[in-house]
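Positions 8 to 229 (our numbering) are the ones given, in order, by the sequence shown.
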Amino acid sequence: RQLPSGTHKIYVPPNQEAGFCYQRKGAEDYINSKGKSKNLTPFGTSQFMEEKYPASKKRKSIDHAPARRYKFAKNEDYEEVKAFGVFKYDKQKKACGEAFAEHQEIQAALVERQFKGPSLLLTSLAKSKKSKEPVPQTQIVENMCCFWYKRPDDFCGKPCFQRVFMKKLEPTGKKVLICSESHIFWSKEYNCWKIGVLNEDMAGYLKCEDPAGLPWETKRTW
Numbered sequence: 008r009q010l011p012s013g014t015h016k017i018y019v020p021p022n023q024e025a026g027f028c029y030q031r032k033g034a035e036d037y038i039n040s041k042g043k044s045k046n047l048t049p050f051g052t053s054q055f056m057e058e059k060y061p062a063s064k065k066r067k068s069i070d071h072a073p074a075r076r077y078k079f080a081k082n083e084d085y086e087e088v089k090a091f092g093v094f095k096y097d098k099q100k101k102a103c104g105e106a107f108a109e110h111q112e113i114q115a116a117l118v119e120r121q122f123k124g125p126s127l128l129l130t131s132l133a134k135s136k137k138s139k140e141p142v143p144q145t146q147i148v149e150n151m152c153c154f155w156y157k158r159p160d161d162f163c164g165k166p167c168f169q170r171v172f173m174k175k176l177e178p179t180g181k182k183v184l185i186c187s188e189s190h191i192f193w194s195k196e197y198n199c200w201k202i203g204v205l206n207e208d209m210a211g212y213l214k215c216e217d218p219a220g221l222p223w224e225t226k227r228t229w
């Protein structure tokens, strides 16, 4: 049987020429009932699916609808996070004391992978201890508080940093170095520093519209 969308297999019970069944079970029921089943569809009055079920025509038009157009992020889609900061990590400063052990582990793992002179920066919500302002999108922002490895290559003419962290594997408990797809990079097209996937056209988790040469030199808030 030919339908607008393609060929549809039909089942014709034996020893009759009155009609057919759309499904195999219908033909089996006809045979088991010795011809008493009313599942037959007459050949002469058969209709196209779109004529028999008008809703199928509507579904077909939906299936062939144009691809979805995604919304681009606008300035008003972002919330200001005054507590967030980007810092050039200095293991000598007491302010970074809590991160010292993690820094040592990451540094050793990078050296073991033959990264030459790895340099790290730190993002944190350290300023939030002095401020009682709530942090918008807290979980997302806290996930971006970590160490970032300075990549040897630049992006859009400025240094680029990739998120790195140690992950404990189960059940052994062994720690391995993970290099995330998240980056801190300069977007030349949108004239801002962004934190997110290394793609200018994709919305970042955070951004800072400050033309500073390095992310820790920015004066404006993220």
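In this text, a Cβ means the ideal position worked out from N, Cα and C, and glycines have one as well.
The structure displayed is predicted, hence computed values, not measured ones.
Among the options, the one whose alpha carbon lies nearest that of residue i
i: F154; options: P49, C167, K123, F162; result: C167
i: E24; options: G42, K175, K16; result: G42
i: L128; options: K165, Q169, C163; result: Q169
i: N82; options: W223, E216, A34; result: E216
i: I112; options: P21, W200, K181; result: According to the sequence provided, residue 112 is Glu. The question's Ile does not apply to it. Among P21, W200, K181, the Cα nearest to that of E112 is on K181.
i: T261; options: P222, V148, Y29; result: For the chain, the structure presents residues 8 to 229; residue 261 sits outside this window and is missing.
i: S194; options: M173, E177, L221; result: L221
i: G164; options: K226, I17, A115, P218; result: P218
i: L132; options: N46, F122, N150; result: N150
Bridge partners - residue i, DSSP secondary structure assignment
i: S53; result: S53 pairs with nothing; no bridge assigned.
i: L127; result: Y156
i: T48; result: F27
i: W200; result: W193, C215
i: F122; result: F122 pairs with nothing; no bridge assigned.
Element boundaries [beta strand (DSSP E), containing residue i]
i: L213; result: 213-215
i: M173; result: 165-175
i: E188; result: 182-194
i: G92; result: 92-95
i: V88; result: Neither: V88 is in no beta strand (DSSP E) and is coded neither H nor E.
i: I17; result: Note, I17: premise wrong, no beta strand (DSSP E); not H, not E.
Distance CB(residue i)-CB(residue j) smaller than 8 angstroms
i: C186; j: V204; result: no
i: F107; j: W229; result: no
i: G33; j: P49; result: no
i: P125; j: Y96; result: no
i: L184; j: I202; result: no
i: N46; j: D36; result: yes
Delimiting residues of the alpha helix (DSSP H) encompassing residue i
i: L117; result: 107-119
i: I147; result: 145-150
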